[in-house]
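Chemist: If you're matching positions, the sequence shown starts at 10 in this note's numbering and goes up one per residue.
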Amino acid sequence: MAYIPPHKRHSKDSERPTPMPTPTPMSLTPRFNRNVGLRALRSNAGKSGKIVYSNYATYRWFAVGWSDENGNASAAHLKPVSVESFERRTGEKPLILVKNNLDQNEAQGSSCSSIVENVLPDLLSSFEKVRDEIQRGDLKDVKLSMIARFGNILFQGSPSVNLESTTKDCLRNLKRTFYTSLPASYAANIISEVALKIGVDFAGVKESYQVKLSDSTQPDSTIFCKCRIELNPTRDMVIDISCMDMDLDLRLALSHKRIVTSMSEDEMQGLRNLIDSAVLDPGVKGGLRWPIGRPSSVSRYNVVAAWHTKATAYVNASTRLKVQLADRFDFKTAYGETSNEVVLKLKGIALGLLEKDFETNVISDMLKEKLSLIWLHFLQCEPFLT
């Protein structure tokens with residue numbers, strides 16, 4: 010059998026979305042040269058290309074809708090499901106948490122209040138630490154962001170885990186992944202119905218190619234090249250919430266990024282040499298390839314991933330909704346995946362936190378309002394993990 014390069018191999022996942030059409034192969038140079046800036050971060054990440062967290066980041070899990078407030082083992086069980094990307098990484102099927110007696114009519118207000126009660130202290134504490142760095146001058150020109158994402162929390166089992174019954178304490182000790190790939194029908198419903206119901210206006214459709222690079226001189230950072238060059242935002246708070254009476258789970262995350270200095274001409278030239286050799290190709294995962302004889306690494310920079318996304322955006326004064334089809338290829342794992350994703354950017358909460366003398370009750374009310382909207386419109390979905 011003829012050898013097939015990893016990025017041309019097709020996933021076995023028949024349920025994944027059809028890859029978006031891409032232009033005739035061409036150079037990325039025109040896109041790269043339009044506008045270039047530099048964004049940087051601080052992190053305690055141990056390896057280039059990894060997700061970056063601040064040194065004081067909060068990362069935790071809890072569940073709402075668990076029948077027994079003490080997390081009784083008879084209230085829920087763990088169910089193995091098939092997720093190819095997870096299985097390739099861990100060698101085993103992931104587990105999802107399933108309530109034994111589902112009740113989607115459970116009071117929305119009590120669930121949202123419970124989430125606010127759990128999240129608000131971490132949100133305020135995480136922001137205070139970011140603000141302290143700003144006031145000390147460690148951070149300048151900070152862009153704060155708070156988002157909500159929707160998907161399924163995947164737990165990684167262990168030999169001691171009982172699938173038929175589980176407790177909250179047991180789940181807290183398991184590794185987990187927040188899986189954001191959603192059915193095409195869910196994404197279509199968000200565009201056709203939910204956007205209108207939540208009062209956001211169409212802002213446009215944007216197609217982009219992104220190259221994710223590692224930098225040998227900054228091993229804790231990862232560089233993204235699109236129409237500008239920026240580094241990953243730093244995560245200050247990530248809270249995963251199992252919504253036991255709904256079809257999807259929820260992730261709330263606070264992050265920040267900052268502008269530093271412009272890149273030197275030598276640094277820019279190194280990146281240009283790498284990007285100039287990239288070719289748009291609809292036949293490969295991630296939409297980009299490097300021709301034979303043109304390396305995917307130059308000097309201090311090395312390509313670790315390529316992304317092709319097509320995003321539809323909707324906005325109002327306090328919210329930005331993005332529905333995107335993302336085609337990604339990871340050069341380190343030689344694996345690619347196409348996914349439908351929905352992101353709700355909570356601009357009003359981020360702006361409220363940045364006010365000089367914000368009131369806690371105002372932030373609490375805004376958070377509860379957004380959670381009510383999320384509960385009504387974003388957490389119901391047809392079953393798709395089996």
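Idealized CB from N, CA, C, for every residue including glycine. Keep in mind that this is a model prediction, so the values were computed, not measured.
#1: Just mark Thr395 as buried or exposed, buried being the case when its beta carbon has 16 or more other beta carbons within 10 Å.
#2: Ordered along the chain, which non-local residues of its own chain (more than five positions away) have a Cβ less than 6 Å from that of Val203?
#3: Taking all protein chains shown into account, do 16 or more other C-beta atoms lie within 10 angstroms of the C-beta of Phe211, making it buried, or fewer, making it exposed?
#4: Ordered along the chain, which non-local residues of its own chain (more than five positions away) have a Cβ less than 8 Å from that of Gly361?
#5: Could you tell me the alpha carbon to alpha carbon distance between Pro392 and Glu276, rounded to whole angstroms?
#6: Can you have a look at Ile162 and say buried or exposed, based on whether 16 or more other CB atoms are within 10 angstroms of its CB?
#7: Look at the alpha carbon of Ser167 and the alpha carbon of Lys102, and state the distance between them as a whole number of angstroms.
#8: In three-state DSSP terms, what is Met277?
#9: In terms of residue numbering, what span does the alpha helix (DSSP H) encompassing Gln389 cover?
#10: Counting pairs of Cβ atoms below 8 Å between the region 243 to 250 and the region 120 to 139, do you hit three or more?
#11: Can you confirm whether the region 313 to 323 touches the region 177 to 184 when touching is taken to mean that 3 or more C-beta pairs between the two stretches lie within less than 8 Å?
#12: Between Gly357 and Pro228, what straight-line distance do the alpha-carbon atoms span, to the nearest angstrom?
#13: Could you give the first and the last residue of the continuous beta strand (DSSP E) run that contains Val216?
#14: With a Cβ-Cβ cutoff of 9 Å, do Leu183 and Leu261 count as a contact?
#15: Give the secondary structure of Lys331 by DSSP, where H, G and I count as helix, E and B as strand, and everything else as coil.
#16: How long is the line joining the alpha carbons of Thr226 and Arg309, rounded to whole angstroms?
#17: Could you have a look at Asn349 and say whether DSSP puts it in helix, strand or coil?
#18: Quick one: grab the DSSP three-state call for Asp141.
#19: Would Arg337 and Gly292 qualify as a contact pair, given that the criterion is a beta-carbon distance under 9 Å?
#20: Starting from Gly160, trace the beta strand (DSSP E) in both directions and tell me its first and last residue.
#21: Using 8 Å for Cβ pairs, my map puts Leu191 next to Asn349. What's the rounded Cβ distance?
#22: Please say whether Leu257 and Phe159 have beta carbons closer to each other than 9 Å?
#23: Expressed to the nearest angstrom, what Euclidean distance is found between the alpha-carbon atoms of Phe95 and Gly345?
#24: Gln144: buried (16+ other C-beta within 10 angstroms of its C-beta) or exposed?
#25: Helix, strand or coil for Pro89 per DSSP?
#26: Using C-beta distances below 6 Å, list every residue in its chain close to Arg185, excluding the 5 sequence neighbours before and after it, in chain order.
#27: Within this structure, are the beta carbons of Ile156 and Leu380 separated by less than 9 Å?
#28: Name the two residues that bound the continuous alpha helix (DSSP H) containing Arg400.
#29: Taking Ala2 as part of the alpha helix (DSSP H), name the residues at either end of that continuous run.
#30: Just confirm the distance between the C-beta atoms of Ala322 and Gly213, as a whole number of angstroms; I'd bet it's less than 8 Å.
Modeler: On the basis of the coordinates in this document:
#1: On the sequence shown, residue 395 is found 386 positions in, with the first residue counted as 1. Under this definition Thr395 is an exposed residue.
#2: For the purposes of this step, residue 203 is taken as the residue at position 194 of the sequence shown. Once the five neighbours on either side are set aside, the close Cβ partners of Val203 are His386.
#3: Stepping through the sequence shown from its first residue, residue 211 is reached at position 202. With fewer than 16 Cβ atoms within 10 Å of its Cβ, Phe211 is classed as exposed.
#4: Taking the first residue of the sequence shown as 1, we reach residue 361 at position 352. If we look at Gly361 and ignore the five residues flanking it on each side, its Cβ neighbours are Phe367, Val371, Ile372, Met375.
#5: In the sequence shown, residue 392 corresponds to position 383, counting from 1. In the sequence shown, residue 276 corresponds to position 267, counting from 1. The straight-line gap from Cα to Cα measures roughly 48 Å.
#6: For the purposes of this step, residue 162 is identified with residue 153 of the sequence shown, where counting begins at 1. Flag for Ile162 reads buried.
#7: In the sequence shown, the residue the question calls residue 167 occupies position 158. In the sequence shown, the residue the question calls residue 102 occupies position 93. Those two C-alpha atoms are separated by around 11 Å.
#8: Here residue 277 refers to the residue found at position 268 when the sequence shown is read from its first residue. Met277: helix per DSSP, three-state reduction.
#9: Locating residue 389 in the sequence shown gives position 380, where the first residue counts as 1. That residue, Gln389, is in no alpha helix (DSSP H); it is neither H nor E in DSSP.
#10: yes
#11: no
#12: Counting from 1 along the sequence shown, the entry for residue 357 is found at position 348. Counting from 1 along the sequence shown, the entry for residue 228 is found at position 219. Looking at the two C-alpha atoms, the distance is approximately 34 Å.
#13: For the purposes of this step, residue 216 is taken as the residue at position 207 of the sequence shown. Per the sequence shown, the amino acid found at residue 216 is Glu instead of Val. Element bounds for Glu216: 210 to 224.
#14: As a working note, residue 183 is residue 174 in the sequence shown. As a working note, residue 261 is residue 252 in the sequence shown. Cβ atoms of Leu183 and Leu261: not closer than 9 Å.
#15: Position 322 of the sequence shown, counting from 1, holds the residue named residue 331. Residue state, collapsed to three classes: strand.
#16: Here the question's residue 226 lines up with position 217 in the sequence shown. Here the question's residue 309 lines up with position 300 in the sequence shown. Distance between the alpha carbons of Thr226 and Arg309 is about 7 Å.
#17: Within the sequence shown, numbered from 1, the residue matching residue 349 stands at position 340. Strand, per DSSP.
#18: Walking along the sequence shown from the start, residue 141 turns up at place 132. Of the three classes helix, strand and coil, the one that applies to Asp141 here is helix, per DSSP.
#19: Within the sequence shown, the letter at position 328 stands for residue 337. Within the sequence shown, the letter at position 283 stands for residue 292. It is not a contact, given that the beta carbons lie outside the stated cut-off.
#20: Indexing the sequence shown from 1 puts residue 160 at position 151. Looking at the DSSP string, the run of the beta strand (DSSP E) that includes Gly160 is 151 to 165.
#21: Taking the sequence shown and counting its residues from 1, the one referred to as residue 191 is at position 182. Taking the sequence shown and counting its residues from 1, the one referred to as residue 349 is at position 340. Confirmed, Cβ separation roughly 5 Å.
#22: Here residue 159 refers to the residue found at position 150 of the sequence shown. Here residue 257 refers to the residue found at position 248 of the sequence shown. Yes, the Cβ-Cβ distance between Phe159 and Leu257 is below 9 Å.
#23: As a first step, residue 95 is located in the sequence shown; it is residue number 86 there, counting from the start. As a first step, residue 345 is located in the sequence shown; it is residue number 336 there, counting from the start. Straight-line Cα distance between these residues: approximately 12 Å.
#24: For the purposes of this step, residue 144 is identified with residue 135 of the sequence shown, where counting begins at 1. Answer is exposed; the Cβ neighbour count stays below 16.
#25: Sequence index remark: in the sequence shown, residue 89 carries index 80 (1-based). Pro89 falls in the strand class under three-state DSSP.
#26: Within the sequence shown, residue 185 is the residue found at index 176, counting from 1. Excluding sequence neighbours, Arg185 sits near Ile162, Phe164.
#27: Indexing the sequence shown from 1 puts residue 156 at position 147. Indexing the sequence shown from 1 puts residue 380 at position 371. No, Cβ-Cβ distance for Ile156 and Leu380 is not below 9 Å.
#28: Because the chain here runs from 10 to 395, residue 400 falls outside it and cannot be looked at.
#29: A question about residue 2 goes unanswered here, because the residues of the chain that appear run from 10 up to 395.
#30: In the sequence shown, residue 322 corresponds to position 313, counting from 1. In the sequence shown, residue 213 corresponds to position 204, counting from 1. Going by Cβ atoms, the distance from Ala322 to Gly213 rounds to 6 Å, so yes, they are a contact pair.
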